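The opening position of the sequence shown corresponds to residue 2 in the working numbering, with each subsequent residue numbered one higher.
Where a beta carbon is used, it is the ideal one built from N, C-alpha and C, also for glycine.
Values in this document were obtained by computation on a predicted structure and should not be read as measured data.
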Amino acid sequence: MAQSKEEHRIKNREAMRRKRAALREAAANGDKDAQETIKNYNARQNSLMNNKRKELIAKAEAGDKDAQEKLKAQSAKNALSLVYSYIKNKASLDELDELETLANNRINYLEK
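As structure tokens, this is what we get:
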């Protein structure tokens, strides 16, 4: 029985997830080749993302409204990611309580 394209894609994605998980585990266990592979992959992805962002900025500066909206959305997403990373890695319980209070105050303000 032939697989549909979507079923084939799903199986490929699952296989890649397993492969990347095994690679991360090997790198965590000290495998130098796995660490180098991950480092190269991350460098390539960063380069691709930087190039894509430069193109988007150039379009936005040229007056493309869609590009300007995408940049605004990315900025908001980056700010949210920064806050999440801080909370995940460094926030104390007191800071989390304060953040919860501030968030609840803002929600209440916006609901009025």
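Beta carbon of residue i, beta carbon of residue j: below 8 Å?
| i | j | result |
| --- | --- | --- |
| Ile108 | Leu97 | no |
| Leu57 | Ala74 | no |
| Ala61 | Leu49 | no |
Residue i lies in the alpha helix (DSSP H); which residues open and close that run?
| i | result |
| --- | --- |
| Asn79 | 66–90 |
| Asp34 | 33–62 |
| Asn105 | 94–112 |
| Asn13 | 6–29 |
Considering only heavy atoms of the ligand ATP, does any lie closer than 7 Å to the CB of residue i?
| i | result |
| --- | --- |
| Gln69 | Of the ligands one can find in the structure shown there are none, so the ligand ATP has no counterpart to examine. |
Less than 8 Å between C-beta atoms, sequence neighbours within five positions excluded: which residues of the same chain meet that for residue i?
| i | result |
| --- | --- |
| Ile39 | Leu24, Arg25, Ala28 |
| Lys12 | Gln4 |
Starting from the Cα of residue i, find the closest Cα among the options and give me that residue.
| i | options | result |
| --- | --- | --- |
| Tyr42 | Arg54, Asn52, Asn30, Arg21 | Arg21 |
Using C-beta distances below 6 Å, list every residue in its chain close to residue i, excluding the 5 sequence neighbours before and after it, in chain order.
| i | result |
| --- | --- |
| Lys35 | According to the sequence displayed, residue 35 carries Ala and not Lys. If we look at Ala35 and ignore the five residues flanking it on each side, its Cβ neighbours are Leu24, Ala27, Ala28. |
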